[in-house]
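Trainee: Here it is: the structure, laid out below.
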Amino acid sequence: MPELPEVEVVRRGLERWTTGRTAASAEVLHPRAVRRHAAGPADFAGRLAGRTMLAPRRRGKYMWLPLQDASSEAAPGEALLAHLGMSGQLLIGDPGREREKHLRVRVAFADGGRDLRFVDQRTFGHLMVCDLVPDAFGGREGGAPALVPEPVAHIAADPLEDAFDAEAFFRALRRRRTGIKRALLDQSLISGVGNIYADEALWRARLHWARPTETLTRAEAARVLEGAREVMGAALAVGGTSFDSHYVDVNGDSGYFERSLDAYGRRDEPCRRCGTPIRRDVFMNRSSYSCPTCQPRPRRARY
DNA sequence: ACGCTTACCTGACGGC
DNA sequence: TGCCGTCAGGTAAGCG
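Per the working numbering, the very first residue in the first sequence carries number 34; after that it's consecutive.
This is the structure we're talking about:
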């Protein structure tokens, strides 16, 4: 389940293997993989052919590769945007290797070297070519607002970005009438946090997932933010979290953070702070893990 | 307008 | 052995 650290690991892999290379052709093997590319698979492939991929960028769980025309020095106005969804993988390898069972899109390069493949069992992920627009969330680059893909324009900065505005995040929480975990999963408030790291951040902050956001103090909000930054930074340092074969880097290798998780997936196992068995609640049709002692349920809960 | 629910999708797994 | 229900969950459309 790729969240920010896992996407960043993939972004770094792409940075090494695709930067400066020119796409020769793209093959869409499953139209659902490019469903958000409104003009269709043929247009998607046409917009990639002949264009050079610049250094990949990321915000939250989205990543993109700015596309430059071979014939032009002009700054890129479009990008190849990728979201891995639940099970998406971007893989780099020998073009002659066997086709993966869930291969959805393949991009061949003009240099004839390693190709780029989008493999996605559950097809929640997608690729598209889209316009770049000025960032409304404060990202800067070279003295001007940074450019982000149009579909990313409504996604808030992630907590590992310089542009992330902690005070604005706190004010937004106080305005909301919802629970803290729901807010952490809302990518328009803070991006990059998914179910796993939301539970980990809340465990670190010692807050229950149903805590009403409008009652959070500035100090509590800061604890959540610090927890998210710490846990995602630590996960990134060891290559991300892998629960199954779904999340891998561009070479197909898994990360090692699962063994370091304090809450997620640890039902009935002892809390690493106090020894109380970790509980599992069903919330938003998914699991929430927390410590009954360190993270007591608030008297007024919001779901 | 906002908060919340639902649909989308495939494979693993447990129970019978 | 095989069938069926459940679970995994990010996103955005759609509902009230």
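The beta-carbon is built from N, C-alpha and C at its ideal position, and this holds for glycine as well.
Could you check whether Val181 and Trp97 sit closer than 9 Å to each other, using their CB atoms as the reference points?
Mentor: Taking 9 Å as the Cβ cut-off, Trp97 and Val181 qualify as a contacting pair.
Trainee: How many angstroms separate the CA atom of Asn284 from the CA atom of Arg251?
Mentor: Taking the straight line from one Cα to the other gives about 42 Å.
Trainee: From the DSSP output, which residues share a beta bridge with Trp97?
Mentor: DSSP output for Trp97 lists Arg90 and Leu114 as bridge partner(s).
Trainee: In terms of DSSP beta bridges, what is Glu60 paired with?
Mentor: The partner list for Glu60 (beta bridge, DSSP) reads Arg139.
Trainee: If we call anything under 9 Å between Cβ atoms a contact, is Glu133 one with Gly288?
Mentor: Contact flag unset, no.
Trainee: In the DSSP assignment, what residue or residues form a beta bridge with Asp148?
Mentor: In the DSSP output, where bridge partners are listed per residue, Asp148 has Gly126.
Trainee: Sorted by chain position, which residues of the same chain lie with C-beta nearer than 6 Å to Gln122's C-beta, five sequence neighbours on each side aside?
Mentor: Correct list, in chain order: Val152 and Val281.
Trainee: Three Cβ pairs or more, each shorter than 8 Å: is that satisfied between the stretch 68-79 and the stretch 88-102?
Mentor: At 8 Å Cβ cutoff, the stretches do not touch.
Trainee: Closest to Thr309 by CA distance: which of Gly83, Leu37, Ala296 and Ala115 is it?
Mentor: Selected option, being the one with the closest Cα: Ala296.
Trainee: Buried or exposed: which applies to Glu131, given that a residue is buried once 16 or more other Cβ atoms fall within 10 Å of its Cβ?
Mentor: Exposed, by the Cβ-count rule.
Trainee: Could you check whether Ala56 and Leu27 sit closer than 9 Å to each other, using their CB atoms as the reference points?
Mentor: Given a span of 34 to 336 for the chain in the structure shown, any question on residue 27 remains unanswerable.
Trainee: When the Cβ atoms of the stretch 46-53 are set against those of the stretch 226-246, are three or more pairs found closer than 8 Å?
Mentor: Cβ pair count under 8 Å is below three, so no.
Trainee: Are the stretch 167-182 and the stretch 205-222 touching, with three or more C-beta to C-beta distances below 8 Å?
Mentor: Because the criterion of three Cβ pairs below 8 Å is not met, the stretch 167-182 and the stretch 205-222 do not touch.
Trainee: Out of Cys327, His70 and Gly272, which has the shortest C-alpha to C-alpha gap to Glu183?
Mentor: Residue His70 is the option with its Cα nearest to Glu183.
Trainee: Would you say the stretch 106-126 touches the stretch 153-163, given that touching needs at least three Cβ pairs under 8 Å?
Mentor: Short answer: they touch.
Trainee: Can you tell me the Cα-Cα spacing of Leu249 and Val138, whole angstroms?
Mentor: When rounded, the distance between both Cα atoms is 44 Å.
Trainee: Counting C-beta neighbours from all protein chains within 10 Å, is the total for Ala108 16 or more, i.e. buried, or is it exposed?
Mentor: Per the 10 Å Cβ criterion, exposed.
Trainee: Enumerate in chain order the residues of its own chain whose CB-to-CB distance from Asp286 is below 8 Å, with the five nearest sequence positions on each side excluded.
Mentor: Answer for Asp286: Gly272, listed in chain order.
Trainee: How about Ala261 and Gln220: do their beta carbons lie closer than 9 Å?
Mentor: Not in contact: Ala261 and Gln220 (Cβ atoms no closer than 9 Å).
Trainee: Rounded to whole angstroms, what's the CA-CA distance from Arg215 to Thr51? Just pull it up for me.
Mentor: Near 36 Å, if we compare the C-alpha coordinates of Thr51 and Arg215.
Trainee: Of the choices Leu206, Phe170 and Gly118, whose alpha-carbon is the least far from that of Gly158?
Mentor: Residue Gly118 is the option with its Cα nearest to Gly158.
Trainee: Taking the straight line between their C-alpha atoms, what separation do you get for Gly129 and Thr156?
Mentor: Between Gly129 and Thr156, the C-alpha separation is close to 24 Å.
Trainee: Over what stretch of residues does the alpha helix (DSSP H) that includes Arg132 continue unbroken?
Mentor: Run containing Arg132: none; DSSP gives neither H nor E here.
Trainee: Run the CB neighbour count on Met86, radius 10 Å, all protein chains shown included, and call it buried at 16 or more, exposed below.
Mentor: The residue in question, Met86, is buried, as its Cβ has 16 or more Cβ neighbours within 10 Å.
Trainee: What are the partner residues of His159, as DSSP defines its beta bridges?
Mentor: Partner(s): His116.
Trainee: Answer yes or no: do Arg244 and Asp144 have a C-beta to C-beta separation smaller than 9 Å?
Mentor: No, they are not a contact pair.
Trainee: So what does Pro245 bridge to, in DSSP terms?
Mentor: Gly212.
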